[in-house]
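If you count the sequence shown from 1, position 374 lands on 373 in numbering that gives the first Met the number 0, and the numbers rise without skipping. Don't be surprised by glycine CBs; every beta carbon is placed ideally from N, CA and C.
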Amino acid sequence: MSKKNVLSVIIALILSLGITILTNSENIFKNKIPTESYRVYLKGELIGLIKSEDELNNYINDKQQDIKEKYGVNKVYIPNDINVVKDITYENNLTSVSSVYNTISEKSPFTIKGYVFTIDKTKSTDYTEGTDEDPNATVEDKEKIIKINVLNKELFKNSVMKTVFSFVTEEEYENVINETQNAIIDTGEIIEALYIEDYITSKEAYIPVNEKIYTNEEELTQVLLFGSDKNMSVYTVSKEDTLESVAEANKMNVNELLIANSALRSENALLYEGQQLTVGVMNPLFSMVEEKHVVSDQTISYKTEYVYDNTKMVGEQYVRTQGSNGITRVTQKVKIVNGETINALISGSEEIKPVVNEVIVRGGKRPTIVSAGNWGWPTNIPYIITSNYGWRWGRLHRGVDISGTGYGSPIYAAKPGVVVDVSYHNSFGFYVTINHQNGYYTRYEHMANLSRYVKPGDYVKMGDTIGDMGNSGASQGTHLHFEIWDGYPYRAGSNSYNPLLFY
Ligand SMILES: [Zn+2]
């Protein structure tokens, strides 16, 4: 190959390379004519490259207009740290304005002026007496600081008042405020205090529009009462329904049903077919407290004593003394939180009419024995029932809560029988179970200590002391949780009964 030829080949190569390079370069920069575009920064961070600043501004204006219409406000605030910088660039992967807007609303949402109400439950007084705590309560249930966004203070105030009127009537409320309650003549009750037990504060704020902002009184009232709209639903009344059946069908007690439907007001309220009722598990966002002074008469049932007279024929009997029930007037202080008696203490009792035990004389030679009615009351008298058998907070409360007689006061066997449990359980606390050997079992929970009086296998007579009233296990205050079962408690096939039906 001659030098000339070599050179021409090299030139050809260079040329061909050059063409190749040129062709590739043309491909790379094909659509890359330098153009004017805008870099969008949020808090100094690049979030997009857009073609037109006006397009973004128009888009933002439209969104602001939508928000204004949705909430009926005349100003929507956009983050003040959005910066748009003009740039000349070859890049062609421009961002759409909607995507820039989405990034902004995700990272630093638009705001409107309103009020944030904070309900702080961490400062409420701890309950001291009378009710079992739900052992299944989750951490969410114990959420202690709740924030509610509204556009104006009136909406929040009105919703709180509506919620308050779920628990007390407007008339009761007015009478407390104006100090026009009727004094107690013989028996009756007065509300000594009515208040919300949580610290509720409010402050004006710029509220991000992606947070829940309440604009409807009814909706906020329901949330204040049920905790969340997930907890409630609508029930349509059918022909056969009664308050009891509606409550039972929805795992509520009648009192809870009345609270959830203030229109029903009294237990005698009439239901009609097709009526829509609010049902569900209530979990009020604040604690509405009523402190009551209550004077009531408690009936003390007489007992029957049998006296045996061996001068008479066996089978012959007569009543020597007619029995009559006594009446004890009991004064108590009761604390009711959201319709539930939390604390009850007897501050005085007075005998209005003494109890006279019935004495029956029977023929035959046998020692004099005393045998009271069928079931003996398990605590001292007088007492206060703080919670009944039945649905409570969406769970079946399988006993009665008896309180008012004080910490350490005696607990008595309700019937003769054999002690089967003297034990401790996380929920029941220190407890005793008795097998009455007639098919029935009784259980006594939340005692002050492991029974000092009985051990498993012991035979007890009715009225024998079997424990001290306490507050152990899942309990919020001093009380006895008393259950009656037709088999060993909580075993498959065993049924629990309302103990009050046995007295
Ligand atoms: Zn209980």
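Nearest to residue 502 by C-alpha distance, out of 414, 221 and 477, is 414. In the three-state reduction of the DSSP assignment, residue 335 falls in the strand class. Check the Cα spacing between residue 143 and each of 377, 119 and 268: the tightest is with 119. The beta-bridge partner set that DSSP reports for residue 429 consists of 423 and 446.
Taking the Cβ atoms as the reference, residue 70 lies roughly 12 Å from residue 154, outside the contact range of under 8 Å. Proximity of the beta carbon of residue 398 to ligand 1 is indicated: a heavy atom of the ligand is located closer than 7 Å. Of the heavy atoms belonging to ligand 1, at least one sits nearer than 7 Å to the Cβ of residue 386. With 16 or more neighbouring CB atoms inside 10 Å of its own CB, residue 410 falls in the buried class. In the DSSP annotation of this structure, the continuous segment of the alpha helix (DSSP H) that includes residue 70 starts and ends at 52-70.
A residue is called buried when at least 16 other Cβ atoms come within 10 angstroms of its Cβ; residue 228 does not meet this threshold and is exposed. Here residue 312 carries a coil assignment [DSSP, helix/strand/coil].
Remark: the C-beta of residue 435 is outside contact range of ligand 1, defined as less than 7 Å to any heavy atom. Going by DSSP, residue 217 is part of the alpha helix (DSSP H) stretching over 216-225. Following the DSSP letters along the chain, one finds residue 258 inside the alpha helix (DSSP H) bounded by residues 253-259. Residue 194 is positioned such that its CB atom lies closer than 8 Å to that of residue 288.
Look at residue 480: its beta carbon is less than 7 Å from one of the heavy atoms in ligand 1. In this chain, the alpha helix (DSSP H) harbouring residue 160 covers 152-166. Partner residues in the beta bridge of residue 88, as assigned by DSSP, are 34. Annotation for residue 359: the continuous beta strand (DSSP E) segment containing it runs 357-362. Residue 349 is bridged by DSSP to 328.
With fewer than 16 other Cβ atoms inside 10 Å of its own Cβ, residue 61 counts as exposed. Judged by DSSP in its simplified three-state form, residue 196 adopts coil rather than helix or strand. Residue 242 carries a helical assignment under DSSP once its states are collapsed to helix, strand and coil. DSSP places residue 148 in the uninterrupted beta strand (DSSP E) bounded by 144-149. Around the CB of residue 406, fewer than 16 other CB atoms lie within 10 Å, so the residue is classed as exposed. Per DSSP, the continuous beta strand (DSSP E) segment holding residue 112 begins and ends at 110-119.
Per the DSSP secondary-structure output, residue 202 pairs in a beta bridge with 115.
Taking the CA atoms as reference points, residue 358 sits about 46 Å from residue 337. Taken atom to atom, the span from the alpha-carbon of residue 206 to that of residue 263 is near 37 Å. The distance from the Cβ of residue 190 to that of residue 291 is about 6 Å, consistent with a contact at the 8 Å cut-off. Under the 10 Å beta carbon count, residue 482 is surrounded by 16 or more other beta carbons and is classified as buried. Burial is judged here by how many other beta carbons sit within 10 angstroms of a residue's own beta carbon; residue 221 has at least 16 and is buried.
DSSP places residue 176 outside any beta strand (DSSP E); the residue lies instead in the alpha helix (DSSP H), whose first and last residues are 169-176. In the three-state reduction of the DSSP assignment, residue 386 falls in the strand class, which pools E and B.
By the Cβ test, the stretch 83-95 is in contact with the stretch 30-46, since at least three Cβ pairs between them sit closer than 8 Å. When only Cα atoms are considered, residue 293 and residue 117 end up about 34 Å apart.
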